[in-house]
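A quick write-up on the structure given underneath.
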Amino acid sequence: MLIRFFLFGQSSAVAQTTAQQKRLDSLLIRNQNYNRFDSTKVKILTEVYRQYIRMKDADHVDDYVDRTIQLSQQLKLNAFSAIAYYRRGLFYHGRTNYIKAEADYKSAIIEYNLVKNLDMIAGTYLNLGAMYASIPDYAKSLEVNQKAIAIYEKLGNDLDMASCYTNISSIYQDLGKASQSLIYLQMALKVFTENEGNERGVAVVHNLIGSAYFDASKDELMKMGTTVKDRLKVALFNFEKSLTIAESINDNGLIASNKRSIGNVYHETGENELALKSYQRAIQISKVGDDKSLYADCLFALGSFYQKQKDYENALVLYSSSYDIANQNSLLEIQKRSAFGLSDIYEGLNKYDEALAFYKEYITIKDQIFNKDKEREITRRQMQIDFGFKEKDYQFKQKITDIELQRQVLLAKQQQQELFLKKQQLALSDKEKTLQRLTFLKKQVDLEIDREVQKNKFERAKLQGKYETSLRDKQIIKQEQQIKFDWRVKIFLTVAITLVLLTALVIFLNQRKTTRLNRIISTQKRELEQLSRVKDRIFSVVSHDMRTPVNSIISFIQLLEAGNIEQAKLTKYASSLRNNLTYTSTMMENLLNWAASQMQGFNPYLEALDASKVVVEVVKSLQDQANEKGIKLHNKVLEQTKCKADANMLSLIIRNLVSNAIKFTAVNGEISVSSITSLKNIEIKITDNGVGLTTEQINHFNKPGYLGAGVSSLGTNNEKGTGLGLMLCRTFVGLMEGNIKVEQNTTKGTTFTISLPC
């Protein structure tokens, strides 16, 4: 049965591919034969690129989408060019080519604007939000979701607006802000509940609410109005409510997801039998579904359950299945967790080679996802398994064997030389015997007895020689054995000391690295907290100060519509409106500049420039503002005052400081901009004789952790401010490797000093 099913699957896939190719060929022939460039041609090109999208042919998709867009725009058929951009954006979104997808989505929005299709504009923003969240770029995702909400609210499309609420809740959940996520989920739940036929939306929101409570931190739970003790009860209530609705509409994917989540709750509460049943049911349902990510995640959850129960055999099977499915479907996060789980299981079973192999796989996948902490983790795991010690021990043994072979070769050469000497001695001995025999023959009678005596002496000497040789050999063997033993002891002690020193060094380096990383993490945490406070202040300023100019414009338009307004009042209202809009423009410019400075990859373009030219331009742009208050604005910066800076940043810094000086300088006051040049840097000073700053304000600005966003006061003529200007000055001067400080003048007013490298 399995073989037949596989062959059928293959044959159906081939048939489907063949059918797609036939349809494409038909469309291409039709396009080639139709030579007029009109709306029919646009429709044919649209069908062609849609067929290429189905066949996932990226090159031809680009070609025919571009042709469709070009012809549509020539014929003023923007609806076709808009949908072409939109579909290609979806195509690249699915292929995770986010740069091209973003460009096409934005082009689609422009085209849809031309045809006033608000519903598709909102839908495109919704897709952009999902794409930014998957990058992830949560700030952009929130921004485009808010734009989609504004359009849906205008259209009265509550259901799609609820979908936006759900997406935004997921973003806050990923950011660890469960309380904020809960607010949007409750808004979405209200919409889905009030509109009939949206049972699945209600079920999904209840599932997300349960996850929000289950994953929330202690602080977030307090904001959500519950406690750590009650969070599991609330989470279980929402999961079960979602499960009931999902079962009523036969949504197997949602049923499996809720069963897995309920299993997690029971597992944490210690109700292992209920947890096991929930996990098994989740696997049973998700196995037949199309969501392989959910199926792999359910397998991993049950594997983790078995691992904590010390049931390593079942855990091993489930982790392996989860790993294989994740690997086949490129689910890197689940594959990483499964690899780590397999490594732990094999280590618990004392199978260190397999444990090391899967841990290396875990590190490889982790590098693909996070690209950090690889060396520290691999070193730690290798120390646990003791793989390095075995390899070094083998190398030392190999060295000992090589030395022993060399010694044996030298000993063989020595024995060969001794044998050669013995042969020479024997040759000499034979000659002596010949002489003795001649003497014996000559003196046969006289030496008969001497011959016997000599023979006995010779035998005795021979035996004595053998005995002495034997003693020498024994002494040599004993000395060699002692040398070998001493050598091995030295090697063992050397290896042991080396290993101990290496271990101590590795532990020391790891501890030092951990300490350094902890310091970096602490610093980053403080910076993030500071940025969060700045963002909150900025949003409070924007939400408050944007209303006044908008309301003023509306009121002014209403007066104009009425038509019964005197010219003097009209001039007065126009002047007031201009002042409000000028303030708002300044606020938005500063806000956008600050936001740009916080973006990843934002760097100044540092170049050698003439600061006097920048000052001249700023003074000219602010001269009218100064004239309105009768303030004398002096530029004392000498020409050819060179410094290394970003021209736009330097212009913005000086403009903000001079604008602030005008704001806080009384009528008929004086402001001067001067410079002091030294060998390594220049100082640009902005001095005024205005109301000045308090000692507390000066100390707060000059300290490293200055946060002034959203804190402002009225000028001498009740001019408004946002507090963003000084923070931008501080941020941009830091980016240009410079320094800024403020000090009180001797008489009155303040002096801001900018120090930049030459």
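Residue 3 is where the sequence shown starts when you use our numbering, and the numbers rise one by one after that.
The beta carbon of each residue, even a glycine, is placed where N, CA and C say it ideally should be.
On a predicted model such as this, the values are computed, not experimentally measured, just so you know.
Under the three-state reduction of DSSP, which class applies to Asn200: helix, strand or coil?
Look at Asn200 here: in three-state DSSP terms it is coil, with no helix or strand label.
Cβ-based neighbour list, Tyr314, same chain, cut-off 8 Å, excluding 5 preceding and 5 following
Close CB contacts of Tyr314 within its chain, under the 8 Å cut and outside five residues either way in sequence, are with Tyr308, Ile347, Gly350, Leu351 (chain order).
Which of helix, strand or coil does DSSP assign to Leu758?
In the three-state reduction of the DSSP assignment, Leu758 falls in the strand class, which pools E and B.
Span separating the alpha-carbon of Arg56 from that of Asp292:
Pairing Arg56 with Asp292, the inter-Cα distance amounts to about 19 Å.
Pair every Cβ in the stretch 667-682 with every Cβ in the stretch 728-743, then say whether three or more of these pairs are closer than 8 Å.
Judged by Cβ distances under 8 Å, the stretch 667-682 makes no contact with the stretch 728-743, as fewer than three pairs qualify.
From Glu335, Ile700, Gln746, residue whose alpha carbon lies closest to that of Lys368:
Considering only alpha carbons, the answer is Glu335.
Please name the residue in Lys644, Thr126, Asn99 whose C-alpha comes closest to that of Lys108.
For Lys108, the closest alpha carbon among the candidates Lys644, Thr126, Asn99 is that of Thr126.
Quick one: give me the first and last residue of the beta strand (DSSP E) that Ala610 is part of.
For Ala610, the enclosing beta strand (DSSP E) has its first and last residue at 609-612.
Could you check the C-alpha separation between Ala110 and Ile85 for me, to the nearest Å?
Distance between the alpha carbons of Ala110 and Ile85: 7 Å.
How would you write the range of the alpha helix (DSSP H) that Lys338 sits in, first residue to last?
334-350 is the extent of the alpha helix (DSSP H) around Lys338.
With Glu739 as the anchor, note down where its beta strand (DSSP E) starts and where it stops.
Counted as a single uninterrupted DSSP element, the stretch harbouring Glu739 is not any beta strand (DSSP E), since DSSP gives it neither H nor E.
Give the secondary structure of Val675 by DSSP, where H, G and I count as helix, E and B as strand, and everything else as coil.
Secondary structure at Val675: strand, using DSSP grouped into helix, strand and coil.
Flag this pair as touching only if the stretch 275-291 and the stretch 240-253 have three or more C-beta atom pairs under 8 Å; answer yes or no.
Too few Cβ pairs lie closer than 8 Å, so no.
Could you name the residues that DSSP lists as bridge partners for Lys638?
For Lys638, which the question treats as bridged, DSSP gives the partners Ser676.
Going residue by residue through the stretch 160-200, where are the continuous beta strand (DSSP E) segments of at least 3 residues, counting only ones entirely within it?
Whole beta strand (DSSP E) segments, 3+ residues: zero.
Could you give the distance in angstroms between the alpha-carbon of Ile742 and the alpha-carbon of Thr573?
Straight-line measurement puts the Cα of Thr573 at about 41 Å from the Cα of Ile742.
Go ahead and pull the three-state DSSP assignment for Glu745.
Here Glu745 sits in strand by DSSP.
According to DSSP, residues forming a beta bridge with Thr689:
Under DSSP, the beta-bridge partners assigned to Thr689 are Ser674, Thr753.
Rounded to whole angstroms, what's the CA-CA distance from Phe194 to Asn200? Just pull it up for me.
Between Phe194 and Asn200, the alpha-carbon positions lie close to 6 Å from each other.
Under the three-state reduction of DSSP, which class applies to Asn683: helix, strand or coil?
Note: Asn683 maps to strand in three-state DSSP.
With 7 Å set as the bound, which would you pick, yes or no: does the beta-carbon of Ala277 sit closer than that to a beta-carbon of chain B?
No chain B is part of this structure, which consists of one protein chain only.
Does the pairing of the stretch 655-671 with the stretch 683-699 give three or more beta-carbon distances under 8 Å?
Verdict: yes, contact present.
Neighbour-count burial assignment, Lys468, 16 or more Cβ in a 10 Å radius:
It is exposed - the Cβ of Lys468 has fewer than 16 other Cβ atoms within 10 Å.
Strand pairing of Cys645, partner residues [DSSP]:
Answer is Leu611, bridged to Cys645.
Identify which residue in Thr98, Gly212, Leu333, Glu155 has its Cα closest to the Cα of Gln175.
It is Gly212.
Assign Arg474 to one of two classes, buried (16 or more other C-beta atoms within 10 Å of its C-beta) or exposed (fewer than that).
By the neighbour-count rule (16 or more Cβ atoms within 10 Å), Arg474 is not buried but exposed.
Which residue from Leu737, Glu698, Lys687 puts its Cα closest to that of Thr753?
Considering only alpha carbons, the answer is Lys687.
In whole angstroms, give me the CA-to-CA distance for Trp489 and Ala498.
Straight-line Cα distance between these residues: approximately 14 Å.
Touching by the beta-carbon criterion (3+ pairs, under 8 Å), the stretch 112-125 and the stretch 137-147
The count of Cβ pairs closer than 8 Å, one atom from the stretch 112-125 and one from the stretch 137-147, stays below three, leaving the stretches out of contact.
Whose CA, out of Asp61, Leu26, Asp64, Ala570, lies closest to the CA of Ile46?
Nearest to Ile46 by alpha-carbon distance, out of Asp61, Leu26, Asp64, Ala570, is Leu26.
If you count every other CB in all the chains shown that lies within 10 Å of the CB of Val290, and 16 or more means buried, which is it?
Note on Val290: under 16 other CB atoms within 10 angstroms of its CB, so exposed under the neighbour-count rule.
Euclidean distance between Cα positions of Lys492 and Ala341
Cα to Cα, the separation comes out at about 42 Å.
Could you pull the start and end residues of the alpha helix (DSSP H) that Phe93 belongs to?
Membership of Phe93 in the alpha helix (DSSP H) is indicated by the continuous run 80-96.
Start and end of the alpha helix (DSSP H) containing Phe39?
Counting along the chain, Phe39 falls outside any alpha helix (DSSP H), and DSSP gives it neither H nor E.
Gly390 versus Ile523: straight-line alpha-carbon distance, rounded
Low per-residue confidence applies at Gly390: pLDDT is 38, beneath 50, and the placement is therefore not dependable, though the value from the model is reported in the following sentence. So the two alpha carbons sit approximately 31 Å from each other.
Hey, Lys312 and Ala284: beta-carbon distance below 7 Å or not?
Going by C-beta atoms, Lys312 is not nearer than 7 Å to Ala284.
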